[in-house]
Each structure stands twice: as C-alpha cells, then as structure tokens.
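The working numbering numbers the first residue of the sequence shown as 128 and each following residue consecutively.
Written below as structure tokens is the structure these notes are about.
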Amino acid sequence: MQKRTYSFFLLLFILFTLPLFALTPPPSLESQVNSSNFIALARLSNVKESKISSNSISVTANVEILKSLKGGKDLPQRFEIAFLVFPELFGKWLKAAPQEGDYILFLIKKKVKDSKGNESEVIGLYEPHPYAFREYTKELEDNILSITKN
C-alpha cells in the first residue's frame, strides 16, 4: 500500500512539473507580427542583470526606438524595460540577458489594474518575453514589413 501511494504521488509530481520543463516552440514570424501591437527597430543600452535564483535572472535595460515597423505613432521614443529570464524554459531563445545593441522588438498592449482597481493600458513585451527580441537584420526587417502590408 505504501509503495502504491508513493507511486501515485510521484506520478502527480511528474504530471504537474513536466510542463515547467517543456520548451515552448517559437511562434512563426507571421504569428508574432500579427499578435504584436508594436514592432520596432530598437537599440538596447545600459543592460543590467541580477541573478535572483539559481535558475532565473532579472534584467533591466534602456530602449531607444530607431525605426517603427508597426503601430509607431503611440510608441514612446525612449523607455525602460524590465523582465525575467528563465534559461531552462526557452531553449536557445533567451538564456541570458540580451547584449547591448540593435534588435527588432515586439511589444503588446496590456490592461493592468492598480491597487484601487483602476484599469489602464500599458505597453509590454510580447509574451512569452524571450520571443520579444530578435537580433536585427535587414532581411528580418523586410520580412516584417512584407507581413504588415498584407
């Protein structure tokens, strides 16, 4: 009986923790473009990271928008971002903080509530966050522009 109970709890543990270790496949570029409210060529600077556990990193960075590729009129030219990196969950996509440099940045609008229950809209990173950054290439920019025109 004790062995059966142990097996049952082991099975439950595996079923509940397995999704945490599964690598999510990256979205297609078309899906990512269509799901983003804003897409921009952006320069990341002043990238700082802090290890918050053995498996996760907190990252902050300054963003300067160099060129808007989608939805740019409502996008501020400069802002700061903060996010977490979980290297074990996203395979090759974002194992560490991005280096300073030029990226295509995918952003979404999110509704948030403050402590008084007032709702407002903010601009946030595409989710999951590792897919919000793609290293800039002219070919990638052209592909994005082609998708947004269709």
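Cβ atoms here follow ideal geometry from the backbone N, Cα and C, with glycine treated the same way.
- Three or more beta-carbon pairs drawn from the segment 190–205 and the segment 152–167 are found closer than 8 Å, and the two stretches are therefore classed as touching.
- Val249 is classed as exposed because its beta carbon has fewer than 16 other beta carbons within 10 Å across all chains shown.
- Nearest neighbour of Asn189 by Cα position, chosen from Leu171, His256, Ser181 and Ser158, turns out to be Leu171.
- With 16 or more other Cβ atoms from the protein chains shown falling within 10 Å of its own Cβ, Gln159 counts as buried.
- Bounds of the beta strand (DSSP E) holding Asp229 are Gly228 to Lys240.
- C-alpha of Arg205 to C-alpha of Ser181: approximately 32 Å in a straight line.
- Ranking Glu246, Glu191 and Glu266 by CA distance to the CA of Gly228 puts Glu191 first.
- Taking C-beta atoms under 8 Å as the contact rule, Ala209 and Val186 qualify, at a distance of about 7 Å.
- Around Leu211, the same chain offers Ile179, Ser183, Ile184, Ser185, Val186 and His256 as residues with beta carbons nearer than 8 Å, after the five sequence neighbours per side are excluded.
- Taking the Cα of Leu202 as reference, the smallest distance to any Cα among Leu234, Tyr230 and Lys243 is reached at Leu234.
- Shortest Cα-Cα distance from Ala259 to any of Glu266, Val239, Tyr230 and Leu267 involves Tyr230.
- Taken in chain order, the complete beta strand (DSSP E) segments of 3 residues or longer contained in the segment 153–229 are 165–178, 184–197 and 205–212.
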